[in-house]
Structure formats: C-alpha cells, structure tokens
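Novice: Before I ask anything, let me first share the structure, which is written out below as structure tokens.
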Amino acid sequence: IDHVTITINCVDPEIGAKIYPWVFWQNRRIRGAKGAKILIEQQQKGLEMLIERGILVKVNSVMIPGVNDKHLVEVSKIVKSKGAFLHNVMPLIAEAEHGTFYGVMGQRGPNAKELSALQDECAGDMNMMRHCRQCRADAVGLLGEDRGAEFTLDKIEGMEIDYAAAMEKRAEIHAQIEAHRAEQAAAAAGEEANPLGDLPADLRPVLMAVATQGQGIVNQHFGHAKEFLVYEASPAGVRFIGHRKAEQYCSGDDTCGEGESTLDITIRSLEGCEAVICSKVGYSPWEKLEAAGIIPNGEYAMEPIEDAVVGVYRSMYESGLLSEASGQLIA
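Just so it is clear: in the sequence shown, position 188 is 1330 by our numbering, and no numbers are missing.
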C-alpha cells in the first residue's frame, strides 16, 4: 500500500463533539468532547504511524458552515506539520432524505464561493486538492455513470471473469493514459511560462466556467453539461479552482432552448463566474447568461481549456472589462 486517505474534520474536541455525538471505544459508547478527543487522538496517531512507514497520506475534511469552517485552517496546518502531502476540503452534502443528523436538522452545505475561499486560505499551508468529485462509498462505475445495478451481489456470483484478458485491457488503457500525459508534457514544455504575463499586473482576476467532457479541451454544449470546471485567469496566469455541479436542461438539439427553470438553476450555480466557455450555446440561454452578467463564449470548441481561458481573458482586457469591478448579478 502506497497511499492512504484519512478523514479528519477537526483537531479540537469541542468542535468534534458537534460533528460526532459519540464514538464506540473499547466496548463502550463515549459521548461529547470526551469521545471526540479519543477519535482525534487515534486519527493523529494513525497519520503519524503511516508517515513513519513512508506511506503517502491524503487528508479529507468536510466543510460544515458554522461548525468547523473556520477551524479547518488549523487542521490543514497540523496535518501538514505531521507529513500529509495533500488536503482535500470537501463541501458537506446533507439532504433530509439521507437520514443523517445534519440532513434532518437542515444544516446547509457551503456555497462554491465559501468553499473556494476556504481552500485558498488553507493553500497557504498545504497542497490543496481541488478536483475532487464526491460519490458514495459503495459507488460502482465512472463519475457521472452509476453502474451499481450491473454489479449486485447476485449478479457477481454468476459472473465469469477472464482475468488475463482484463489485465491485458488494463495495460492497454494505462499505455494510452501515459501516452496522453507525455503529449501534454511535451506541449507544456514548448509553451510560454505565463501567456498572460505581458498584461498589466493590476488587472483583476476573473473566474470562468468551462463545459468539457474531458481530455483538457472545450468539447461540450452548454446545455449538456452536468458540471463545469472553474478556472481563474489573471496576469499571474491561469489556475484551476474547482467544479460546479449543474442541472442538464438540454437533452438534444430540439430541446436546448427549453427548460427555463432548470436553466435558471444552472445559471445560479455559476455565481461568481464572469464567463462561460463551451463548444456551443443556444440563443435563449445566451440571452439569460448575458442578463445574469455572464459572458457566453463558443469560439474555442475543441481547443485546449487553458488556451480558451487565456483568449477570453485577453478579449475582456481589450474590451475594457477588466479595469472595472465585476457587475455580475445572479437572478
């Protein structure tokens, strides 16, 4: 085992008591801060023992507004000091139908702006993971493609698996991945270090949402996107910020101007973004995006994402949009 992930949501027992009402320890249920203290001690002990053995440790933390949001900066400092190499701060997802304490009590999760701000604050002390997509612990399949129904226990019992063929296919896929990485590395080696470095240093940063199906290119219709990648562009360069979940309101060419209520939800999910880059966008959503203060752009279809972000940022600069504060309004 080379990598281990530990969930650490606090290092203060008083805060821990608000997250963990009790722990089961040495055949006893221990409640409150006393129980949280035991949990924290064991988590830290586990982290230290893993580091001593040369195992890479990533720490996951769930951001719970009003509970541990201010405290996670301290968590980040401590886990870094003990040797964790990566910190993944994730938003609380708690719905009433989940039956969890926070779901039933109506505890809200953080919005995208709050999560990004906390990640930025923690980044001063720790390498932050921003590309996480949360899923159930028992999920089977790919992100956005739940295949759990294909692999129930009764179906697994009747399966005949050709392990040799599976390993051969696995090797082929890994070879393709490595070839793609090599191409990206070669392309990056020949690129300008900072393609925006020639712009005035006092220009404000801009958040942009990108619709993509992967491969690092702009290759998705705005209406087909179930999530957007968010990037920040500034004279210092382009950096990835995170993901924004969205509602897919368009299911085909004939319906991409419909579904206004779902479109409104999608636009609200882009709060803070001043541009959205996609391969195509319909007239109706184009109008709504502009009304919300978001610039729609479909000029960079099939081009690398960072090149597209650089291009839109330069266009905003040339249009005089970067010398003034963002006037975005979200309906």
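Backbone N, C-alpha and C define an ideal beta-carbon position, used for all residues, glycine too. It should be emphasised that the depicted structure is a prediction, and the values quoted were computed from it without experimental measurement.
According to DSSP, is residue 1351 helix, strand or coil?
Specialist: The answer is strand: DSSP assigns residue 1351 an E or B state.
Novice: I want to know whether the region 1207-1222 touches the region 1249-1268 - three or more CB-CB distances under 8 Å.
Specialist: The region 1207-1222 vs the region 1249-1268: in contact.
Novice: Would you call residue 1342 buried or exposed, if buried means 16 or more other Cβ atoms sit within 10 Å of its Cβ?
Specialist: Flag for residue 1342 reads exposed.
Novice: Given a threshold of 16 other Cβ atoms within 10 Å of its Cβ, counted over all protein chains shown, does residue 1177 qualify as buried or as exposed?
Specialist: Flag for residue 1177 reads buried.
Novice: In the structure shown, what three-state DSSP assignment does residue 1371 receive?
Specialist: Correct three-state label for residue 1371: strand.
Novice: Under a three-way DSSP split, which group does residue 1451 fall into?
Specialist: Helix.
Novice: Roughly how many angstroms separate the alpha carbons of residue 1197 and residue 1373, rounded to a whole number?
Specialist: Spanning the two alpha carbons is a distance of roughly 31 Å.
Novice: Can you look up residue 1302 in the DSSP assignment and give me helix, strand or coil?
Specialist: Correct three-state label for residue 1302: coil.
Novice: To the nearest angstrom, report how far apart residue 1254 and residue 1454 are at their CA atoms.
Specialist: Taking the straight line from one Cα to the other gives about 22 Å.
Novice: Check this for me: beta carbons of residue 1181 and residue 1162, under 8 Å apart or not?
Specialist: Closer than 8 Å, so yes.
Novice: The alpha helix (DSSP H) spanning residue 1181 covers which residue range?
Specialist: Run containing residue 1181: 1174-1194, per the alpha helix (DSSP H) assignment.
Novice: Candidates 1442, 1157, 1440, 1431: which alpha carbon is nearest residue 1214's?
Specialist: Residue 1157 is the option with its Cα nearest to residue 1214.
Novice: For residue 1260, which residues of its own chain have a beta-carbon under 7 Å away from its beta-carbon, when the five flanking residues on both sides are left out?
Specialist: Closer than 7 Å at the Cβ level, and outside the excluded window around residue 1260, lie 1205, 1211, 1214, 1231.
Novice: Only counting the same chain, and skipping five residues up and downstream in sequence, which positions put a Cβ closer than 8 Å to that of residue 1143?
Specialist: These residues qualify, in order along the chain: 1197.
Novice: Which class does residue 1126 belong to by DSSP, given the choice of helix, strand or coil?
Specialist: No answer is possible for residue 1126: the residues shown for the chain start at 1143 and end at 1473.
Novice: Report yes if the CB atom of residue 1422 is closer than 8 Å to the CB atom of residue 1364, and no otherwise.
Specialist: Yes, Cβ-Cβ distance for residue 1422 and residue 1364 is below 8 Å.
Novice: Considering only DSSP beta bridges, list what residue 1288 is partnered with.
Specialist: Per DSSP, 1283.
Novice: Grab the span of the beta strand (DSSP E) containing residue 1223 for me, first residue to last.
Specialist: Looking at the DSSP string, residue 1223 is not in any beta strand (DSSP E); the run it does join, the alpha helix (DSSP H), is 1214-1223.
Novice: Below 7 Å CB to CB, which residues in the same chain sit around residue 1258 once its five sequence neighbours on both sides are set aside?
Specialist: Taken in chain order, the residues that qualify are 1383, 1384.
Novice: For residue 1369, which residues from the same chain have a beta carbon less than 7 Å from its beta carbon, with the 5 sequence-adjacent residues on both sides left out?
Specialist: The residues are 1385, 1386, 1387, 1388.
Novice: Considering only DSSP beta bridges, list what residue 1379 is partnered with.
Specialist: The partner list for residue 1379 (beta bridge, DSSP) reads 1376.
Novice: Got a sec? Which residues, its chain only, sit under 7 Å from residue 1428 by beta carbon, not counting five neighbours each side?
Specialist: These residues qualify, in order along the chain: 1438.
Novice: Note the first and the last residue of the continuous alpha helix (DSSP H) segment covering residue 1243.
Specialist: First-last of the alpha helix (DSSP H) with residue 1243: 1243-1247.
Novice: Drop a sphere of 10 angstroms on the beta-carbon of residue 1425, count the other beta-carbons inside from all chains shown, and report buried for 16 or more, exposed for fewer.
Specialist: Residue 1425 comes out exposed.
Novice: When DSSP labels each residue in this structure, what does residue 1404 get in the three-state scheme?
Specialist: If DSSP states are grouped into helix, strand and coil, residue 1404 belongs with the helices.
Novice: To which residues of the same chain is residue 1447 closer than 8 Å at the C-beta, ignoring the five residues directly before and after it?
Specialist: Closer than 8 Å at the Cβ level, and outside the excluded window around residue 1447, lie 1352, 1354, 1358, 1359, 1360, 1371, 1373, 1419.
Novice: Residue 1198 bridges to which residues according to DSSP?
Specialist: Bridge partners of residue 1198: 1145.
Novice: Where does residue 1386 sit, in a helix, a strand or coil, going by DSSP?
Specialist: The answer is strand: DSSP assigns residue 1386 an E or B state.
Novice: Just how far apart, CA to CA, sit residue 1159 and residue 1228?
Specialist: Going from the Cα of residue 1159 to the Cα of residue 1228 covers about 25 Å.
Novice: Under a three-way DSSP split, which group does residue 1228 fall into?
Specialist: Correct three-state label for residue 1228: strand.
Novice: From 1367, 1410, 1405, 1347, pick the residue whose C-alpha is nearest to that of residue 1458; which is it?
Specialist: Answer by Cα proximity: 1347.
Novice: Buried or exposed: which applies to residue 1444, given that a residue is buried once 16 or more other Cβ atoms fall within 10 Å of its Cβ?
Specialist: Exposed is the call here.
Novice: Please state if the CB of residue 1338 and the CB of residue 1379 are separated by a distance shorter than 8 Å.
Specialist: Taking 8 Å as the Cβ cut-off, residue 1379 and residue 1338 qualify as a contacting pair.
Novice: Quick one: is residue 1442 buried, meaning 16 or more other Cβ sit within 10 Å of its Cβ, or exposed?
Specialist: Residue 1442 should be labelled buried.
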